[in-house]
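Residue numbers (the numbering used here): 15 to 350.
Every residue, glycine too, gets a C-beta built ideally from N, C-alpha and C.
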DNA sequence: TAGTCGTGGGT
DNA sequence: TACCCAAGACT
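Structural data, given as structure tokens:
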């Protein structure tokens, strides 16, 4: 059956009423700040992972002013372990822009929101619809998956052409009224029945209108990303200690683990004699083999300007990359 | 357009 | 084990 926007909205709002999530932390005491923070944390990150970070973060920084007045290191410390640290740096930058240029209040139109660092079209749409009672489309992974199936949109959803088609459909089907409930329903449906694997099409409210289901091709949509073999990288890290102190190196703002403290990297080939351990850590776009080597000297440290001593007892209050933190806490038998 | 940017969970 | 990818944005 042809699916009109009105029928789509009716189905989705019914699903929201019966099965939608209404108890998430950012759905309580809704403000633009709280919605914005949740949306940034939720980028490429599952709800279950975000919740404890969100609760901790809002406790420390209940509003945008307290965040704008903080130190970046405190923000990164609360973010450590969540990944994609550019999000935290942009979050901080955004808070300061809103304080300086928007009188401490989030702008209420899509164009201005999208100029802010870390806020793209989908995040802007979520802020407008969830916290400002405006009609604006979103296009996160859940919505992409639903639309790609219902309308059998060909192509990997990351490709520009496919993305444009999906945005156009999302615009067309996002209702003027009850947009918050509709958008939430789309994400809830995508996170439950319309899951990536083993979707429960038999009980889906859209199944009579879903082209992929009708053609028995649900497993083929959305089309998979073209597979590429990930490069493998090698890096030696130096464990340099003196009494109860450890030598750490601040990562430059851009690049992997930007702004975090890490073990200093060795220059040249790795020392063979005093290797402590070696393990693998995988990222989205490469595999990293980490070698941790003991070194009483500091001769091999690559960038001494950004390095300094820290007390071992302060490690839990320092933002560290997850694999480095895991190694250090195990090595020194610290409580996490 | 294609890479970059983390970590954890599912299969 | 290896691969995919999740409430994306930026370069």
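What are the boundary residues of the alpha helix (DSSP H) that includes residue i?
i	result
residue 40	Residue 40 -> no alpha helix (DSSP H), and no H or E assigned at all.
residue 124	124-129
residue 201	193-205
residue 107	100-115
residue 23	19-33
residue 227	225-228
residue 87	86-93
How many angstroms separate the CA atom of residue i from the CA atom of residue j?
i	j	result
residue 71	residue 300	30 Å
residue 192	residue 102	31 Å
residue 218	residue 208	8 Å
residue 216	residue 148	33 Å
residue 205	residue 158	12 Å
residue 210	residue 306	38 Å
residue 77	residue 94	20 Å
residue 309	residue 256	10 Å
residue 271	residue 99	6 Å
residue 173	residue 180	11 Å
residue 302	residue 296	6 Å
residue 220	residue 92	40 Å
residue 260	residue 106	28 Å
residue 199	residue 109	29 Å
residue 127	residue 223	34 Å
residue 253	residue 278	8 Å
residue 266	residue 40	32 Å
residue 123	residue 150	10 Å
residue 45	residue 304	42 Å
residue 195	residue 87	36 Å
residue 334	residue 73	21 Å
residue 75	residue 16	47 Å
residue 332	residue 214	44 Å
Decide if residue i is buried, meaning its Cβ has at least 16 other Cβ atoms within 10 Å, or exposed.
i	result
residue 293	exposed
residue 197	buried
residue 323	exposed
residue 226	buried
residue 289	exposed
residue 175	exposed
residue 134	exposed
residue 23	buried
residue 280	buried
residue 143	buried
residue 349	exposed
residue 27	buried
residue 291	exposed
residue 48	buried
residue 53	buried
Please report the residue range of the beta strand (DSSP E) in which residue i lies.
i	result
residue 248	246-253
residue 324	321-325
residue 302	301-308
residue 338	No beta strand (DSSP E) holds residue 338; the alpha helix (DSSP H) holding it covers 336-345.
residue 78	Taken as a continuous stretch (DSSP letters only), residue 78 belongs to no beta strand (DSSP E), being part of the alpha helix (DSSP H) at 78-82.
residue 277	No beta strand (DSSP E) holds residue 277; DSSP gives it neither H nor E.
residue 262	259-264
residue 293	289-296
Count Cβ pairs between the segment 54-68 and the segment 79-90 that sit closer than 8 Å; are there 3 or more?
no
So, does the segment 131-143 touch the segment 159-177, judging by three or more C-beta pairs under 8 Å?
Contact between the segment 131-143 and the segment 159-177 is absent, because fewer than three Cβ pairs lie under 8 Å.
May I have a chain-ordered list of the alpha helix (DSSP H) segments no shorter than 4 residues that lie completely inside the segment 40-67?
46-56
Are there three or more Cβ pairs, one per stretch, closer than 8 Å when the segment 150-164 is compared with the segment 231-240?
Segments in contact, yes.
Is it true that the segment 183-191 meets the segment 245-253, where meeting means three or more beta-carbon pairs spaced less than 8 Å apart?
Under the 8 Å Cβ criterion, the segment 183-191 does not count as touching the segment 245-253, having fewer than three qualifying pairs.
Extract the residue ranges of the alpha helix (DSSP H) inside the segment 119-186, only unbroken runs of 4 or more that lie entirely within it.
Unbroken alpha helix (DSSP H) stretches of 4 residues or longer found wholly inside the segment 119-186: 124-129, 135-145, 155-164, given in chain order.
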